[in-house]
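In the working numbering, the protein residues as written are 1 to 279.
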């Protein structure tokens, strides 16, 4: 009886701590949504208000009506970049990871060391050389200039290689005995069994592409090439900051990520566990 009571009290304490942590993490989102529906005097007031006096939807409508800040176009640019970058970079990383794990060719270890070595280089260091190369090819203010440098993901390659090393070799050998090439084995056997891993890293790639800031800031100099993160940063550089509109824009900007996380959270957790990072 005492053991049962102790178990119940332990579970209750665990749920209480988890609820408190959830409240702490949700407070910034609550403040963000609350301010998005407030007026400027309410946002800047020294007195605390739990809720806005009325839902001010004008913050959202004016967000898309400002011709100097094409927020709708920026939102579409971010969506296009993320939709193209996520599946392409994930597929390329999957193929590279499989090749490094299974195809025994001379120099494979050197290639893997170089890929791992790129993870040690700060991303900011590579921005200027990449900008010079892409700029010399006419990629400034173009969609391909925004997308192309992000298609290679060294971190995803290493994770896929770790995952494929644990894949049963007998299944691949059966495919090889049936006359399949490496590409055939990858397409007919490996790829269908990597759905969880691909969905996991695809979701993470989507989030990374959506939140990208420094590279779009350098290469997308024309407002028509802005991403949603650049459009939001333009609020802070303007002479008069419209705080409720800025909060409304932030709510719109994080909405796709919240939806993505809610849809793919199970795959993200499973994919990380399957990659071997759990150990």
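The beta carbon of each residue, even a glycine, is placed where N, CA and C say it ideally should be.
{"Item": "Inter-residue Cα distance where the pair is residue 189 and residue 105", "Value": "21 Å"}
{"Item": "Whole-angstrom distance between residue 232 and residue 249, CA atom to CA atom", "Value": "7 Å"}
{"Item": "Cβ distance (whole Å) where residue 244 is taken to contact residue 40 below 8 Å", "Value": "6 Å"}
{"Item": "Separation of residue 75 from residue 86, as counted between CA atoms", "Value": "16 Å"}
{"Item": "Within the segment 228–275, ranges of the alpha helix (DSSP H) (whole runs, at least 4 residues)", "Value": "228–237 and 243–274"}
{"Item": "Alpha-carbon to alpha-carbon, residue 110 and residue 51", "Value": "59 Å"}
{"Item": "DSSP-derived helix/strand/coil call for residue 167", "Value": "coil"}
{"Item": "The alpha helix (DSSP H) enclosing residue 144, as first and last residue numbers", "Value": "143–147"}
{"Item": "Inter-residue spacing [alpha-carbon to alpha-carbon] between residue 107 and residue 113", "Value": "10 Å"}
{"Item": "Selected residue, minimal CA-CA separation from residue 229, among 77, 20 and 22", "Value": "77"}
{"Item": "Proximity test, residue 262 beta-carbon vs the ligand NAP heavy atom, cut-off 7 Å", "Value": "This structure lacks the ligand NAP; in fact it carries no ligand of any kind."}
{"Item": "Minimum C-alpha distance to residue 159 - residue among 208, 93, 20 and 28", "Value": "93"}
{"Item": "Segments of 4+ residues assigned as alpha helix (DSSP H) that fall wholly inside the segment 92–146", "Value": "108–119 and 123–136"}
{"Item": "Residue 278, DSSP secondary structure in three states", "Value": "At residue 278 the pLDDT is 43, less than 50, meaning the model places this residue with poor confidence and gives no usable figure here."}
{"Item": "Residue interval of the alpha helix (DSSP H) (run including residue 62)", "Value": "58–65"}
{"Item": "Cβ pair residue 35, residue 247 closer than 8 Å", "Value": "yes"}
{"Item": "Run of the alpha helix (DSSP H) containing residue 327, from where it starts to where it stops", "Value": "Since the first residue shown for the chain is 1 and the last is 279, residue 327 is missing from the structure and cannot be characterised."}
{"Item": "First and last residue of the uninterrupted alpha helix (DSSP H) at residue 211", "Value": "195–211"}
{"Item": "Residue 133 to residue 267 span [Cα, whole Å]", "Value": "36 Å"}
{"Item": "CB contact flag (residue 209, residue 264, <8 Å)", "Value": "no"}
{"Item": "Neighbour-count burial assignment, residue 179, 16 or more Cβ in a 10 Å radius", "Value": "exposed"}
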